[in-house]
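Below is one structure, written out as structure tokens; the observations come after it.
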Amino acid sequence: MAIDFQRFFDCTSELHAFHADLSAALHAEYTAKPHGTDSHWDETLAQLPRFDSPNFKLTNYDLGSDRIRIGVPDGVDIDRDRTKHLLRNFMPWRKGPWEVLGIAIDTEWHSDWKWHRICPHISPLNDRRVLDIGTGNGYFLYRMLALGASLALGIDPTRLFLYQFQALQNLLPANNAHLLPLRSEHLPRFELFDTVFSLGVLYHQRSPLDHLTELLNFARTGGELVIETLVVPGNEDTILVPQDRYAKMANVWFLPSTGALHNLLHRAGYVNIRLVDVNQTSVKEQRATEWMGFQSLQDFLDPADSQLTVEGYPAPRRAVFIANKA
Ligand SMILES: C[S@@+](CC[C@H](N)C(=O)[O-])C[C@H]1O[C@@H](n2cnc3c(N)ncnc32)[C@H](O)[C@@H]1O
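Structure, rendered in structure tokens:
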């Protein structure tokens, strides 16, 4: 398998007490469970350029821009058509946008729009250790590093996203963003992260209260938790459990109103709970693109009434809560 996690272990002495547990989890969940497409993705990764050697003085990249940009090092020739072809082997590209070696990757989601809704409300990330649960391909990890995070650790079990992240990491100088292909349930009780993000993850959990409680185990005392999830209109007694699919997604279990989610956070033990944003997802933010050829939000909405999903539920709307660990 082409991806090893040595650099993560080398760079995270502050997590030393947890390295043995994480190594065992990676063995059980990654090494011992090969994915059917791994060898194809391994070959693609091996053919893509890599500049993460000390020979390259990479300065032309920008991890803080809305379209995260990774440029070509001075004096290097890139076969752009071939590189684009290789990057397309990692489709669908859902989270972004990116500009990689001069190739614009227009992703399904404008993740930069989500970041702009969240960013003004969080504590400054300077020198903070940050954990991003369900990080996707790590788009937000780079935005966090650009804001000064000393460690940006993401976890996500989806194998394709790990390959996308690795392809990008191979083009960058050594940095302290890391993605481990694990689920939150596989993590130890760190109790040390300054900020823990769970963006777009809660509604995928069969047991939302357990997920919220689990997140507290990762944060230090007083640490900040940032929860973004689908919500429905209604009072604090309103929770939607879709009968089957929601917006054509099979793995959506639980959509609370903002009032019900506030109560859940309170019952889970969160303090200083603040609702900082509610936003109905637009078909400009989530859409099919050249890099994501499947159906997207437009196809998930009732053609006669865009306020409803095709199943007749309220159309996707997302809330951001920020709270602290007592
Ligand atoms: C809707 S995407 C959100 C991605 C990104 N956080 C964002 O907001 O754009 C949900 C991601 O969470 C991951 N995921 C689901 N359950 C998880 C869990 N228990 N632990 C870690 N990741 C999880 C999925 O693999 C998927 O990539």
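Quick note, the sequence shown lines up with residues 6 to 331 if you use my numbering.
Even glycine gets a Cβ: it sits at the ideal position worked out from N, Cα and C.
Item to check | Ile127 versus Phe10: straight-line alpha-carbon distance, rounded | outcome: 29 Å
Item to check | Contacting residues, own chain, Cβ-Cβ under 8 Å from Val236 (five flanking each side not counted) | outcome: Leu260, Pro261, Ser262, Thr263, Leu266, Val283, Arg322, Arg323 and Ala324
Item to check | Simplified DSSP state of Met297, which is helix, strand or coil | outcome: In the structure shown, Met297 sits in a strand (DSSP, three-state: E or B).
Next on the checklist: Can you look up Lys330 in the DSSP assignment and give me helix, strand or coil?
Outcome noted: Strand at Lys330.
Checklist entry - Closest by CA to Thr314, which one among Ser287, Cys16, Ala331 and Thr112? => result Ser287
Next on the checklist: Do Leu50 and Gln171 count as a contact pair if the criterion is CB distance below 8 Å?
Outcome noted: yes
Item to check | Coil, strand or helix - Met5 by DSSP | outcome: The question about residue 5 has no answer here: the residues shown for the chain are numbered 6 through 331.
Next on the checklist: Quick check: does the Cβ of Thr163 come within less than 7 Å of any heavy atom belonging to ligand 1?
Outcome noted: yes
Next on the checklist: Closest to Leu177 by C-alpha separation, out of Leu221, His216, Phe198 and Val105, would be which residue?
Outcome noted: If you compare the alpha carbons of Leu221, His216, Phe198 and Val105 with that of Leu177, the shortest gap goes to Val105.
Checklist entry - Would Asn94 pass as a contact of Gly76 if the rule is Cβ separation under 8 Å? => result no
Next on the checklist: Rounding to the nearest angstrom, what Cα-Cα distance links Glu290 and His115 in this structure?
Outcome noted: 5 Å
Item to check | Rounded straight-line distance, which links the Cα of Pro59 to that of Ala255 | outcome: 46 Å
Next on the checklist: Measuring only the C-alpha atoms, how far is Ser212 from Leu220?
Outcome noted: 13 Å
Item to check | Integer-rounded CB distance, given that Ala252 should sit under 8 Å from Phe202 | outcome: About 22 Å; that fails the 8 Å criterion.
Item to check | Option in Gly317, Ala37, Phe326 and Asp43 with minimal Cα separation from Arg164 | outcome: Asp43
Checklist entry - If you draw a straight line from the alpha carbon of Gly69 to that of Arg148, how long is it in whole angstroms? => result Distance from the CA of Gly69 to the CA of Arg148, rounded to the nearest whole angstrom, comes to 5 Å.
Next on the checklist: Given this structure, state the Cα-to-Cα distance separating Ala328 from Arg279, to the nearest angstrom.
Outcome noted: 6 Å
Next on the checklist: For a test of your reading of the model: does the CB of Gln285 fall under 7 Å from any non-hydrogen atom of ligand 3? Yes or no.
Outcome noted: This structure lacks ligand 3; the ligands present are ligand 1.
Next on the checklist: Only counting the same chain, and skipping five residues up and downstream in sequence, which positions put a Cβ closer than 6 Å to that of Leu197?
Outcome noted: Arg225
Checklist entry - Quick one: Cα of Glu233 to Cα of Lys89, how far? => result 32 Å
Item to check | Straight-line gap, Asp132 to Leu31 (C-alpha atoms, nearest Å) | outcome: Each residue's alpha carbon lies about 27 Å from the other.
Checklist entry - At a cut-off of 7 Å, is Phe166 close to ligand 1 when judged by its beta-carbon and the heavy atoms of the ligand? => result yes
Next on the checklist: Taking its Cβ as the centre, do 16 or more other Cβ atoms sit within 10 Å of Ala22, making it buried, or is it exposed?
Outcome noted: exposed
Next on the checklist: In the DSSP assignment, the alpha helix (DSSP H) including Glu48 goes from what residue to what residue?
Outcome noted: Asp43 to Gln52
Checklist entry - How many angstroms separate the CA atom of Asp15 from the CA atom of Asn180? => result Between the alpha carbons of Asp15 and Asn180 lies a distance of about 12 Å.
Item to check | Selected residue, minimal CA-CA separation from Arg99, among Lys38, Tyr144, Glu241 and Leu217 | outcome: Tyr144
Checklist entry - How long is the line joining the alpha carbons of Trp120 and Glu229, rounded to whole angstroms? => result 16 Å
Next on the checklist: Just to confirm, is the Cβ distance from Leu269 to Leu217 under 8 Å?
Outcome noted: yes
Next on the checklist: Within the continuous beta strand (DSSP E) that includes Trp103, where are the two ends?
Outcome noted: Trp103 to Val105
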